[in-house]
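Enquirer: Note that my numbering has the sequence shown beginning at 29, numbered continuously upward.
Where a beta carbon is used, it is the ideal one built from N, C-alpha and C, also for glycine.
A quick note: this is a predicted structure, and the numbers were derived from the prediction, not measured.
Have a look at this one before I ask anything.
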Amino acid sequence: MAVFKCKQCGFEKESRCKPRKCPECGARDTFEKIEKK
């Protein structure tokens, strides 16, 4: 599982694949994969 972060609002979601839409701010295609420390 990877962690994806919305570049718009900073919302983080743990998922297997990149989310299309942010559930927090509704922005589309703003997720980038981040490394969990």
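According to DSSP, R56 sits in a beta bridge with which residue or residues?
Expert: Paired residue(s): K49.
Enquirer: The beta strand (DSSP E) spanning E40 covers which residue range?
Expert: 40-43
Enquirer: Per DSSP, which one or two residues make a beta bridge with K64?
Expert: None; K64 has no bridge partner.
Enquirer: From the DSSP output, read off the bridge partner residues of K33.
Expert: E40, E60
Enquirer: Alpha carbon to alpha carbon, what distance is there between R56 and F39?
Expert: Going by the C-alpha atoms only, they are around 13 Å apart.
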